[in-house]
Amino acid sequence: MSMAVEKECDIGMSFWFPGVWTIRDRTAVAGMLWNSSQAAAGTDGSGVISVSSTSLDIHRSNFSDVKYVYNDTMVEEARKHYLNSELSRPKKGSGSFMPPNYTYHDFEFQFYEIKDAGHGNAYPVTIGSTIVYGDRLVADDSFSRQAVVDVNQHELLNVSYDIRQVVRPKKQRMRQNRSYNYSYYLEERRMTAEGVFGPKTGILCLIACQDRNGSTDCQILITAQFASLDATEQAMGRGKGAISSLRDRTKDHLFFEKVDIWLMGMYSRQVSESISRMDLESVMLLISTTLPCVFAVLQILHVRRRREAAAATSITMLVVLALGYVAPMVLSSEALFLSRRRHYGPFPFESYVPYELSQVMMRAPTLIALLLQLRLIQLAWSARKTKDDARRSAAEALSAAERRALWLCVPLYLIGGALTIIVHAMNVRRAAREDSLTVRIGPEPATLWEDLVSSAGLALDAFLLPQVFMNALSAGTRVQALSPWFYVGGTVVRAMPHLYDVFRAQGYAQSVSPSYVYASPRYDRFGVAWDVVVPCGAALLAVLLFLQQRVRLAPPLFPSRRRLGEYEMVSNL
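If you're matching positions, the sequence shown starts at 1228 in the working numbering and goes up one per residue.
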């Protein structure tokens, strides 16, 4: 059996770059294919095939020489809806909707449907008469030279958008598995829109066209209200809006119900403020990871000057601090692999640059602090195992107090871990019962390991607790076991992230994808209550330790009972 393969080399092709764009035709490259042998034979042109390209890589192209022609009918329709809207009237006392140094990026936004799983992105094609689509550098140059003048001089500005929307098909069934997770496929749609934007009101009205069910629907109204630059209005995102149909509900099969949307994104000024905040947090992180090394060195010098201080230092406290330095190093191993959250392509909520940056900055100082902490543990352990008969009795008494303090601390740590596991399980169960189509605005929920690490941060905040218990349970005279630099400085280092979190909540606008380099929820609990309780509790422990080391003749909290057969010295009266 043989097969004859016939190769033809008479296919002609021609491509060109369109010089004019409209709402119906925004192709980057157009052309046609034909059979050259038929054309030479004088036959009809039925074999001609028209082609065009609108690839997603269109953002890399240069369209500065393309002329855009607005559809006057659609622009007037959008203008009519804008003027009929109550939101088109500027409110008294409202903040500015456009920053002083705005760019065309401020006209871009992401949107998420409130009641469904749909989401999408809106990219400006033209602002006024200026093309801002395609290559970023060219668009920035065109916007700064032409579009800025149009925005400042016109109360209503003609704009056009390219909108990419991802929705769930209505006729698709959702399949539920045993873990209460729903699986369904999302469909990507594209809309081209034209309309008007009010720079003074922050209102955007667009009339959009979309191919649906084999026909083109150009009666889609998109309205968006951008939030002002006030931080209070930015708490829930960049604004709100709606996508609705202008068709008759009863007669037209292309009609669809109104879809409310949230607008997400950041203005250019907020981006610069966020970068400045990250720079400040990077410096604070470097300082907060370097100071423990300095305090540990001062404590080692303090122990060498006072021989009795090493034995009186709580080994439990030193172990807790050492484990606190180990946890960030274990978490930093995640930076070597792709996190599970990076696989959530349709929901790019979280930025990983701050996390990886913080890991690099923490790794070296944390390793040094860990080695110094291990040295302190070795000194304290050696002092407890002394062979000197004069100090052996005191070391045994301190070891007994250490064991009793350990019996008090370990249950507290276990209770905290158990509560963390219970709360995490409740959150997982509640998330499983939620509507599967609800869009989560924010980062992915924390894993059990991340919740345990955050709760372990509370044990580090109260790192002086074992030392306070040991001093309260020990008999005999008090010893200045810890250097003031060590316990006061350590308390300040643990309290500063919570104080900064209060300042950050007041001074910076909340973001959907928080980029926290310092005072990150990965390593501690943050919030209004925690930011008050943790600094106050750490300061209270530091004050108690100061009093314990100063008041030498204070009796122990729980005096040890004498063993059977021991004698007690009494005075002769």
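Beta carbons are placed, not taken as given, at the ideal position from N, Cα and C, and that holds for glycine.
Can you have a look at residue i and say buried or exposed, based on whether 16 or more other CB atoms are within 10 angstroms of its CB?
i: Pro1762; result: buried
i: Glu1415; result: exposed
i: Asn1440; result: exposed
i: Trp1243; result: exposed
i: Ala1628; result: buried
i: Ser1515; result: buried
i: Ser1356; result: exposed
i: Phe1730; result: exposed
i: Met1505; result: buried
i: Val1530; result: buried
i: Arg1569; result: Low confidence applies to Arg1569: its pLDDT is 41, below 50, so where it sits in the model is not reliable, and the reading given next is rough at best. The residue is exposed, with fewer than 16 neighbouring Cβ atoms inside 10 Å.
i: Ala1477; result: Before going further, note that residue 1477 is Thr rather than Ala in the sequence given. By the neighbour-count rule (16 or more Cβ atoms within 10 Å), Thr1477 is not buried but exposed.
i: Tyr1552; result: buried
i: Asn1698; result: buried
i: Pro1199; result: In this structure the chain extends from 1228 to 1800, so residue 1199 is not present and cannot be described.
i: Val1755; result: exposed
i: Gly1246; result: exposed
i: Asp1237; result: exposed
i: Thr1674; result: exposed
i: Ala1645; result: exposed
i: Ile1502; result: exposed
i: Gln1605; result: exposed
i: Asp1479; result: exposed
Can you give me the Cβ contacts of residue i inside the same chain, cut-off strictly under 8 Å, excluding the 5 residues immediately before and after it?
i: Thr1613; result: Ala1538, Arg1619 and Ala1622
i: Val1695; result: Leu1768, Leu1771, Leu1772 and Gln1775
i: Leu1603; result: Ala1523, Gln1526, Ile1527, Val1530, Thr1540 and Leu1545
Tell me which residues share the same chain as residue i and place their Cβ nearer than 6 Å to its Cβ, disregarding the 5 neighbours each side in the sequence.
i: Ala1708; result: Ala1536, Ala1539 and Thr1540
i: Tyr1571; result: Legend: pLDDT at Tyr1571 = 38, less than 50; position of this residue unreliable, value from coordinates given subsequently. Closer than 6 Å at the Cβ level, and outside the excluded window around Tyr1571, lies no residue.
i: Tyr1360; result: Phe1290 and Val1352
i: Trp1248; result: Val1293 and Tyr1295
i: Ala1722; result: Pro1762 and Ala1765
i: Ser1626; result: Arg1611
i: Ala1732; result: none
i: Ser1471; result: Leu1448 and Lys1485
Can you tell me the Cβ-Cβ gap for residue i and residue j, rounded? I've got them flagged as a contact below 8 Å.
i: Arg1251; j: Asp1389; result: At roughly 13 Å, the Cβ-Cβ gap does not stay under 8 Å, so Arg1251 and Asp1389 are not in contact.
i: Leu1473; j: Thr1450; result: Between Thr1450 and Leu1473 the Cβ distance is about 12 Å, and since that is not below 8 Å, they are no contact.
i: Ala1607; j: Leu1550; result: Between Leu1550 and Ala1607 the Cβ distance is about 16 Å, and since that is not below 8 Å, they are no contact.
i: Glu1448; j: His1308; result: Note that residue 1448 is Leu in the sequence shown, not Glu. Their Cβ separation, rounded to whole angstroms, is 6 Å, which keeps Leu1448 and His1308 in contact under 8 Å.
i: Gly1468; j: Gln1446; result: With a Cβ gap of about 17 Å, Gly1468 and Gln1446 do not count as contacting.
i: Asn1348; j: Arg1391; result: 5 Å
Quick check: residue i and residue j, are their CB atoms within less than 9 Å of each other?
i: Leu1481; j: Ser1442; result: yes
i: Leu1691; j: Thr1718; result: yes
i: Ser1682; j: Arg1749; result: no
i: Leu1528; j: Ser1742; result: no
i: Ala1454; j: Ile1434; result: no
i: His1346; j: Tyr1339; result: yes
i: Leu1518; j: Leu1687; result: no
i: Met1556; j: Leu1525; result: no
i: Gly1422; j: Met1301; result: yes
i: Asp1299; j: Val1486; result: no
i: Trp1489; j: Ile1649; result: no
i: Asp1438; j: Arg1417; result: yes
i: Glu1500; j: Val1744; result: no
i: Cys1520; j: Pro1426; result: no
i: Gly1684; j: Arg1590; result: no
i: Phe1336; j: Met1491; result: yes
i: Leu1641; j: Thr1543; result: no
i: Phe1424; j: Val1386; result: yes
i: Arg1532; j: Val1706; result: no
i: Tyr1727; j: Met1511; result: yes
Return the bridge partner residues of residue i from the DSSP annotation.
i: Met1418; result: Ile1390 and Gln1437
i: Ile1358; result: Thr1353
i: Ser1442; result: Arg1439
i: Gly1347; result: Phe1338 and Gln1392
i: Asn1385; result: Val1423
i: Trp1243; result: Ala1257
i: Phe1522; result: According to DSSP, Phe1522 bridges with nothing at all.
i: Ser1472; result: Ile1447
i: Gly1466; result: Phe1453 and Leu1490
i: Lys1294; result: Val1247
i: Ile1430; result: Gly1425 and Gln1452
i: Asn1262; result: Ile1238
Near residue i, which residues of its chain fall below 7 Å by C-beta distance, leaving aside the five closest residues on each side in sequence?
i: Leu1791; result: At Leu1791, the pLDDT of 40 sits below 50, so the modelled position is not reliable and the matter cannot be decided from this model.
i: Thr1647; result: Asp1678, Leu1679 and Ser1682
i: Pro1724; result: Tyr1745, Ala1746 and Asp1751
i: Asp1475; result: Phe1482
Does chain C have any CB closer than 9 Å to the CB of residue i?
i: Ala1536; result: Absent here is chain C; the protein component of the structure consists of one chain.
What do you reckon, is the C-beta of residue i under 8 Å from a heavy atom of the ligand ADP?
i: Ile1341; result: Questions concerning the ligand ADP fall outside what the structure shown contains, since it holds no ligand whatsoever.
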